[in-house]
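In this note's numbering, the protein residues as written are 1 to 892. Glycine included, C-beta positions come from ideal geometry on N, C-alpha and C. The structure appears below as structure tokens.
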């Protein structure tokens, strides 16, 4: 929307995005002022309830006129888009300012927040989501409360208006009041509790209630009293402790009854901080309030944490109630009987986890979960604090895979294109570590600040986390059929690695090998035959996946030997049988997280045509694990990749209805494209320790012909129309292979950015390609072969460019939309503004190619369960159960 005008507001830049809206900086062209526009997200626009909450926010906040509350100017609707016009606040959130504030500044900020809340409460408005992200600090030091998206209006003498779903809990977990956690009715005193949590964190740098997951955190909020701030920072005055602890009383009736009083207390503390306030008797203070408290009950000094916890909370979400009760049952057991507790957490629907390569890790201290999200064709890392409900996208990680935490939990390593990168969990730009020279398969940040990673067709590599050249530390036994070593883990001694071996003879990774090796010896020991993704646990066991089940076996790390037969721990683990990726992680304290199995079969993909309106028509109904493919020049055939542990290429004849295998011989074969004359198929093939370019007659009448020889992974992308030049991707750059004379490849698009895909125009004089040189992927066009002209065609993001065969259109994907650009190739390149053709149906992969008439696009249709998931399972105290099972004290 950048640069567009909505009503009389011109959009300047995107400021942020939350659960109830996307916020843009804009210019009010009538009044010549800078404002902020908050739009209801499209995925919520269809819900009348969400629209009502969105309007309620504007109504609630517009009733306020206070320097510590963001001013609402208007609420409008333009072309079906609802938005709020609000004051533009030039500053930072309180969370962004964390760690930079002095004690005096913290007190001043607390006073201003309390004053703003007091003004809201005076109007009968309860915020219900007070947290650092909703507090802005302007450059002049003025504090303003933002986002009344969860606000609830109270009208004197009338029933409370509750626009959230009946029985739901609203707020952000770490800052919720006990009554919010239990789904009970809330009033202004809930905001006072949340203020107390926020102020406690502001002063001490820590939250008063902690938990490695939501359930434990909610239990603490309801049942565990906060420790005095002075127990964390001894120099804190006990009178300030008293002010804050009164805000954090569990029972609203025993809590400070007015935030205006909190403001007065803080102001008095500020004035008298050099004098003793020990004689102040807060307990006998006569409270005043600006809201209707006639129904308030007298304090109940005999309350019990257990009674509080089991107090009927019929309006609480059923899932949370069940988990909380399970937690209590577990906590009430004698320690000797505590074995395991299992529960699930849900990820945001607008940020689901990708169903592909190893998409999650948990930090060693259990505080953070990082995962790969894929709502569109492009992945991105999301970070979720385990004590909060929200997951936040990590800027600069578009296209990422294989995240892993550093041992101190401060950094996350990941791959984008052909580069291994790292980024701080506290933000900042990603930093390059090394070029991986191809797709990685698993990574592990070991002791000594070294990162180990597997490779598509090599042994295990090692590189310093500070950057440098990768070093090979395990070596393939090609004579023994080894294709790659992947999914490494470094044992605590820092000298031993375990990894999975892919063989050229296996159909799935249920047949793979698991090995251990002392670095530098070049001598591996096979530990398990039949399994993948082994991990060594602090209990002295190996855990691995086979057939969707977790298996464990005792392991002697000194002798590198398994001891006794493996035992099946439980079913439901997610394992990609074609890549060997398993989706689980653990902490040394016994917190185990994994993605549950969402599909019992991967042989369920079909091939379909998608028309220009987004309608799908099945072409090939026989279910196979299809991945990608292209259309022959005569429109009679499709060449397809069918996934397996060793992928192969097949040809489907559209007229005859026959599906014929084209490649054989072990190793992966993939990414096939047709030669312009339709006689050959060119593809990537694993031969030995490299993935290079080969070609073969489409009817299988000839042998594979090697076109390139390199230790770099190479993927073919496009031919010029005369068949004389072949474009391919290598190390995140676009290379050209002349198919006449010497066949010496040369780099065509070569830059520090990632340019993984390029396609020639029908006349062969231009190339369209995707690049993240601007910080996100966009589609560019460049002249060929001399690169004398360059144009950015997409706006707001773009990947996967495709030319129409008549050269009059260029297609690409932006998010979930298929875009079209009208183009002219002669006399010079010219193009129109991009327009949206259609929404790409969910659970599809592609488009991979376009028909000769430009009316149909080739798609792979995959079940939603294979592409994304929103559920993560968590197991606590799992190590105890593991040891019991393997010691024979329990029969499964």
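With 16 other Cβ atoms within 10 Å as the buried cut-off, status of residue i
i: residue 302; result: Note that residue 302 has pLDDT 32, beneath the 50 cutoff, so the model's placement of it is unreliable and the number below is only indicative. Looking at its Cβ environment, which holds fewer than 16 other Cβ atoms inside 10 Å, residue 302 is exposed.
i: residue 298; result: With a pLDDT of 32 at residue 298, under the threshold of 50, the modelled position of this residue cannot be trusted, and the question is left open.
i: residue 189; result: buried
i: residue 595; result: buried
i: residue 310; result: For residue 310, the predicted model reports a pLDDT of 33, less than 50, meaning its position is unreliable; a value from the coordinates is still stated below. Result: exposed.
i: residue 31; result: exposed
i: residue 426; result: exposed
i: residue 743; result: exposed
i: residue 335; result: With a pLDDT of 44 at residue 335, under the threshold of 50, the predicted position of this residue should be treated as unreliable, and no value is reported.
i: residue 191; result: buried
i: residue 787; result: exposed
i: residue 643; result: buried
i: residue 26; result: buried
i: residue 90; result: exposed
i: residue 903; result: Limits of the chain in this structure are 1 at one end and 892 at the other, which puts residue 903 out of reach.
i: residue 507; result: exposed
i: residue 893; result: One cannot answer for residue 893 here, as it falls past the ends of the chain, which runs 1 to 892.
i: residue 568; result: exposed
i: residue 881; result: buried
i: residue 129; result: buried
i: residue 306; result: In this prediction, residue 306 has a pLDDT of 32, which is less than 50 and means its spatial position is unreliable; nothing more can be read from the coordinates.
i: residue 746; result: exposed
i: residue 655; result: exposed
i: residue 351; result: buried
Residue nearest to residue i in terms of C-alpha spacing, selected from the options
i: residue 801; options: 777, 67 and 785; result: 777
i: residue 85; options: 370, 749, 446 and 72; result: 72
i: residue 771; options: 844, 790 and 563; result: 790
i: residue 861; options: 461, 847 and 872; result: 847
i: residue 386; options: 367, 510 and 380; result: 367
i: residue 720; options: 685, 767, 710 and 679; result: 767
i: residue 75; options: 6, 133 and 562; result: 6
i: residue 606; options: 638, 853, 4 and 194; result: 638
i: residue 858; options: 550, 693, 627 and 694; result: 627
i: residue 851; options: 571, 209 and 611; result: 611
i: residue 709; options: 733, 684, 700 and 130; result: 684
i: residue 436; options: 711, 176 and 604; result: 711
i: residue 819; options: 615, 827, 797 and 829; result: 797
Residues bridged to residue i (per DSSP)
i: residue 461; result: 453 and 472
i: residue 758; result: 769
i: residue 206; result: Its beta-bridge partners do not exist; DSSP assigns none.
i: residue 897; result: Nothing about residue 897 can be reported from this structure: the residues present for the chain run from 1 to 892 only.
i: residue 501; result: 485 and 513
i: residue 895; result: Nothing can be reported for residue 895, as the shown portion of the chain is limited to 1 through 892.
i: residue 95; result: Per DSSP, none; premise fails for residue 95.
i: residue 737; result: 726
i: residue 446; result: 450
Contact under 8 Å by Cβ, residue i with residue j
i: residue 910; j: residue 406; result: A query on residue 910 cannot be resolved here, the shown segment of the chain reaching from 1 to 892 and no further.
i: residue 83; j: residue 37; result: yes
i: residue 824; j: residue 840; result: no
i: residue 593; j: residue 360; result: yes
i: residue 64; j: residue 118; result: no
i: residue 196; j: residue 248; result: yes
i: residue 587; j: residue 364; result: yes
i: residue 2; j: residue 214; result: no
i: residue 106; j: residue 259; result: no
i: residue 715; j: residue 671; result: yes
i: residue 487; j: residue 454; result: yes
i: residue 831; j: residue 793; result: yes
The ligand FAD heavy atom lying under 7 Å from the CB of residue i
i: residue 219; result: Inclusion of the ligand FAD in the displayed structure is not the case, the ligand content being empty and no account of it being possible.
* Decide if the segment 581-600 is in contact with the segment 520-538; the criterion is three or more beta carbon pairs, one per stretch, under 8 Å apart. => Yes, they touch.
* **the segment 534-551 / the segment 476-483 touching (three or more Cβ pairs under 8 Å)** => Contact between the segment 534-551 and the segment 476-483 is absent, because fewer than three Cβ pairs lie under 8 Å.
* Asked: Per the contact definition of three or more C-beta pairs closer than 8 Å, is the segment 803-813 in contact with the segment 430-440?
  -> Contact fails: fewer than three Cβ-Cβ distances are below 8 Å.
* Quick check: the segment 452-470 against the segment 721-734, are there 3 or more CB pairs under 8 Å? -> At 8 Å Cβ cutoff, the stretches do not touch.
* Would you check if there are 3 or more beta carbon pairs closer than 8 Å linking the segment 482-501 to the segment 555-562? => Contact holds between the segment 482-501 and the segment 555-562, because three or more Cβ pairs, one in each stretch, are under 8 Å apart.
* Asked: Using 8 Å as the Cβ pair cut-off and three pairs as the minimum, do the segment 219-230 and the segment 392-402 touch?
  -> Taking a contact to require three or more Cβ pairs closer than 8 Å, the segment 219-230 and the segment 392-402 do not qualify as touching.
* **the segment 512-519 / the segment 692-704 touching (three or more Cβ pairs under 8 Å)** => Because the criterion of three Cβ pairs below 8 Å is not met, the segment 512-519 and the segment 692-704 do not touch.
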